[in-house]
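**Student:** Numbering (the working numbering), first residue to last: 32 to 993.
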């Protein structure tokens with residue numbers, strides 16, 4: 032990795048100031064990044080149209096607070112021509128200090144040893160402190176260290192890369208004679224920004240002296256062989272006409288604290304952060320370090336000021352011009368909401384504070400009402416000059432709503448949510464502006480002319496991610512409106528009057544959410560990314576050499592738009608954020624379909640793919656993606672780490688740990704977990720904050736432990752059932768199998784009579800013999816095979832069309848018979864068994880010969896308890912062929928040998944055994960003799976029976992507490 036990328040990795044920041052981690056004595060990579068350092072530059076178009084962005088905010092780098100110039104024996108000494116004789120650089124994640132030791136050769140005999148400590152302390156504002164120790168060995172030397180206050184040279188790299196900052200020129204407009212104060216200016220006229228920089232230098236008087244003259248501060252030392260000197264430097268920045276006065280005042284305050292006071296305060300702040308953010312991974316120390324580094328950088332770059340959000344590169348570099356994007360709300364905020372909620376709140380406060388900008392943006396885009404947040408911004412106005420992949424990304428509104436809802440659930444911060452209500456309602460209005468109830472789609476709500484997260488597909492109708500997130504946004508807005516009206520009618524009436532918000536409009540939000548167009552392709556069984564995506568040819572990027580990536584640097588956008596091609600997950604991203612109600616089967620199909628179409632040119636992509644891969648049981652693939660997001664900057668995998676660190680990917684490395692491997696979701700206001708431990712990890716643990724409580728989740732191959740570190744009891748979680756974590760740790764054992772696959776009829780409910788009556792009615796109409804005794808032959812057999820048995824027994828031949836008509840008629844009679852099925856028609860103990868299986872960490876599948884299985888399960892009220900449902904309509908061969916059980920295991924992502932099947936029919940038991948699974952029979956031991964074990968009814972089953980071969984007297988130790 033080149034030094035410019037290491038300067039990003041070793042950067043320090045405190046939410047106000049960031050200092051890149053380059054070497055003080057070398058030119059270049061130690062610029063300062065300030066959250067307030069940005070100006071608006073006009074955007075020039077050859078042809079401009081209504082609503083186009085007129086200016087772009089651009090962040091500029093401030094003069095370095097750590098740059099030094101060396102002279103030895105009166106001559107400039109510029110190291111770096113040769114490699115240092117010794118070098119070590121360490122980033123202290125506990126103390127927040129950058130530690131470095133370097134030894135440079137002066138000449139044949141002498142060596143200069145530098146020991147540098149650097150600190151950008153939390154709470155110290157735009158302040159950087161350094162300690163520089165120097166020693167000469169091999170002879171004596173006169174050494175001068177000067178501390179220039181001067182502009183950085185512009186970095187010419189990346190000038191053709193839209194991801195990099197076209198650096199804004201900064202010029203020095205004043206410098207005092209002593210060299211400790213300077214003022215700089217960016218921009219001109221009304222747009223100009225003035226920056227003051229003030230420094231103080233303390234020199235060890237026993238070894239050297241400080242000279243302030245000719246516009247430069249210089250520390251001079253005359254060192255004998257082996258002697259050492261020390262310098263302490265403090266630098267502070269402030270903006271505006273009174274910047275110098277404020278900078279001097281704050282500099283003096285921090286200087287009075289001294290290095291020791293600042294370091295002590297920094298370590299205390301970091302200790303508080305790590306108390307709630309501790310992680311451990313046994314078996315992969317590299318991944319553990321990578322995630323810890325990512326969390327440290329999130330903490331550093333997080334804004335403590337409601338006037339700012341978190342830039343795509345944080346405060347570690349100049350990439351993306353310092354802009355804020357959707358990934359702050361979708362990746363960074365979720366991590367901070369669980370790790371350090373106080374650092375998540377400013378992200379939302381910033382959006383609340385720029386609501387008027389979003390309203391203006393909506394008017395510029397032609398919308399009569401509502402608010403549309405900019406795709407990229409710093410000051411609050413749209414900065415994207417390329418609207419097809421910029422302003423067209425309306426999902427930014429839903430992303431902000433998602434972040435608000437997640438923050439609300441995680442913290443219970445009702446005050447912030449109340450302040451955010453106008454933002455939520457105004458942004459919800461936009462969906463009714465760009466979508467409508469479409470009569471051509473059966474009244475479904477459709478959204479037109481937008482771009483989703485996948486920037487290789489632009490300006491489409493019904494982008495899946497946009498629609499899915501809009502549905503959540505609208506539902507949340509309608510729910511919050513109802514809650515506010517009920518809890519504080521006076522306040523809500525005043526707000527509704529201010530916004531001209533009517534009950535009819537709120538009902539429209541609710542209706543649009545419920546009717547949102549989220550189709551499944553009949554042929555492929557996947558969610559199309561948009562209305563036209565499946566009609567396009569596939570882009571053959573797999574044949575391209577690596578130097579042709581990212582594609583955006585080598586192809587016109589239209590060439591990319593015309594193909595089935597994804598820069599990052601769109602549908603997969605939706606599954607990651609809004610997939611709670613999507614069956615595991617559908618997620619696996621989506622993942623399998625979109626994986627070969629996705630270049631992952633975006634560093635955001637791997638997080639969603641890792642999480643959904645882990646959720647669907649594809650552990651090896653999930654680990655690969657997890658490494659991709661965790662190591663994206665440590666190994667410079669996208670070749671642009673020198674532009675700064677990817678904050679969203681950093682957050683993603685923790686999200687994959689918690690949401691992917693930990694299976695963490697928020698469902699109906701409660702934390703749900705479904706943890707798994709990947710091969711190669713002995714165990715892992717992570718902490719998170721939830722509504723004032725601090726939790727620790729420890730997962731290994733055989734158990735999960737939930738421990739309440741602090742907070743009020745009781746706190747109820749969900750691990751398939753209610754779990755109350757204790758201070759000592761609540762232990763849930765992992766079963767010896769991974770999945771249970773149930774038959775439906777005769778196992779969970781009795782639709783056998785409904786089937787019998789439907790067949791009986793058909794046979795009576797056709798004059799075919801049929802009775803209850805013959806009906807036993809049809810158990811576990813699908814519809815076509817059942818009809819074939821009936822016709823064969825009667826000696827009747829029928830052509831394909833006749834058979835199809837007869838089966839359709841039978842199904843009609845059957846559906847009439849089950850029309851009034853409900854939860855009361857479940858067998859006793861069935862629901863309890865299913866929830867206990869979830870609690871034990873088992874995946875649950877349904878393998879039914881009935882083509883109406885999903886409708887029956889939905890009527891019984893247990894559809895949400897199944898990870899996948901396989902019926903006769905999705906396979907070619909019915910029971911006793913094992914295909915249906917093998918297909919279900921594949922959809923669950925489980926090896927068949929790690930599955931248990933539960934059946935009531937001989938054909939079903941034969942199919943289970945043929946699939947290589949353990950078979951549990953429900954019914955007669957004599958009839959089901961081929962099963963591994965048999966129970967008389969479903970209520971006799973418990974998790975211990977399903978998951979162990981231990982004798983009955985030893986099973987009690989595995990049973991869950993009731």
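Idealized CB from N, CA, C, for every residue including glycine. Predicted model only: the values in this text are computed from it and were never measured.
1) Comparing C-alpha positions only, which one of 388, 769, 419 and 415 sits nearest to residue 646?
2) Express the C-alpha separation of residue 696 and residue 720 in angstroms, rounding to a whole number.
3) To the nearest angstrom, how far is it from the Cα of residue 1081 to the Cα of residue 314?
4) Please say whether residue 938 and residue 810 have beta carbons closer to each other than 8 Å?
5) Please state whether DSSP places residue 73 in a helix, a strand or coil.
6) Is residue 350 near residue 674, with beta carbons less than 8 Å apart?
7) Three-state secondary structure (DSSP) at residue 595?
8) Give me, in chain order, the residues of the same chain whose beta-carbon lies closer than 7 Å to that of residue 919; leave out the 5 immediate sequence neighbours on both sides.
9) Is it true that the CB of residue 722 sits closer than 8 Å to the CB of residue 308?
10) Could you tell me which whole alpha helix (DSSP H) segments of length 4 or greater appear in the stretch 396-471?
11) Between residue 476 and residue 397, what straight-line distance do the alpha-carbon atoms span, to the nearest angstrom?
12) What does a CB cutoff of less than 6 Å around residue 395 pick up in its chain, not counting 5 residues either side in sequence?
13) Under the three-state reduction of DSSP, which class applies to residue 242: helix, strand or coil?
14) So, under 8 Å CB-CB, residue 246 and residue 254 are touching, yes? Tell me the CB distance rounded to an integer number of Å.
15) Which value, in whole angstroms, describes the spacing of the CA atoms of residue 24 and residue 851?
16) Confirm, please, whether the CB-CB distance from residue 345 to residue 62 is below 8 Å.
17) Here's the rule: buried if 16 or more other CB atoms are within 10 angstroms of the residue's CB, otherwise exposed. What is residue 1039?
18) Out of 894, 921, 892 and 897, which has the shortest C-alpha to C-alpha gap to residue 906?
19) Could you tell me which of 139, 147, 124 and 125 sits nearest to residue 133, measuring between CA atoms?
20) Is residue 626 close to chain D, meaning its C-beta is less than 8 Å from at least one C-beta of that chain?
21) Is the stretch 570-578 touching the stretch 450-467, taking contact as three or more C-beta pairs under 8 Å?
22) Does DSSP put residue 107 in a helix, in a strand, or in coil?
23) On the three-state DSSP scale, how would you describe residue 731?
24) Going straight from the alpha carbon of residue 940 to that of residue 805, what length do you get?
25) With the cut-off set at 8 Å, would you say residue 90 and residue 360 are in Cβ contact?
26) For residue 410, which residues of its own chain have a beta-carbon under 6 Å away from its beta-carbon, when the five flanking residues on both sides are left out?
27) With C-beta atoms as the reference, is residue 390 less than 8 Å away from residue 457?
28) Rounded C-beta distance between residue 678 and residue 415? I'm assuming under 8 Å.
29) Going by DSSP, name the residue or residues bridged to residue 158.
30) How long is the line joining the alpha carbons of residue 591 and residue 775, rounded to whole angstroms?
31) Based on Cα-Cα distance, which residue from 787, 335 and 536 lies nearest to residue 374?
32) With H, G and I counted as helix, E and B as strand and the rest as coil, what does DSSP make of residue 32?
33) Check this for me: beta carbons of residue 724 and residue 743, under 8 Å apart or not?
34) By the three-class DSSP mapping on this structure, what secondary structure does residue 925 have?
35) With DSSP run on the structure shown, which of helix, strand or coil describes residue 762?
36) In terms of DSSP beta bridges, what is residue 887 paired with?
**Tutor:** Short version:
1) For residue 646, the nearest C-alpha among the options comes from 769.
2) Distance from the CA atom of residue 720 to the CA atom of residue 696, rounded to whole angstroms, is 14 Å.
3) This structure gives no information on residue 1081, because the portion of the chain shown stretches from 32 to 993.
4) yes
5) strand
6) yes
7) In the structure shown, residue 595 sits in a strand (DSSP, three-state: E or B).
8) If we look at residue 919 and ignore the five residues flanking it on each side, its Cβ neighbours are 772, 876, 878, 899 and 901.
9) The Cβ-Cβ distance between residue 308 and residue 722 does not fall below 8 Å.
10) 426-442 and 445-465
11) 20 Å
12) 82
13) strand
14) Wrong, their Cβ atoms sit about 26 Å apart, outside the cutoff.
15) One cannot answer for residue 24 here, as it falls past the ends of the chain, which runs 32 to 993.
16) no
17) Because the chain spans 32 through 993 in this model, residue 1039 falls outside it and cannot be assessed.
18) 921
19) 147
20) The structure shown contains no chain D; it holds only a single protein chain.
21) no
22) strand
23) strand
24) 19 Å
25) no
26) 88
27) In this structure, residue 390 places its C-beta atom within 8 Å of the C-beta atom of residue 457.
28) Actually they do not touch by this definition, with Cβ atoms about 19 Å apart.
29) 267
30) Residue 775 has its alpha-carbon roughly 46 Å from the corresponding atom of residue 591.
31) 335
32) coil
33) yes
34) Under the three-state reduction of DSSP, residue 925 is assigned to coil, being neither helix nor strand.
35) strand
36) According to DSSP, which records beta bridges pairwise, residue 887 is partnered with nothing at all.
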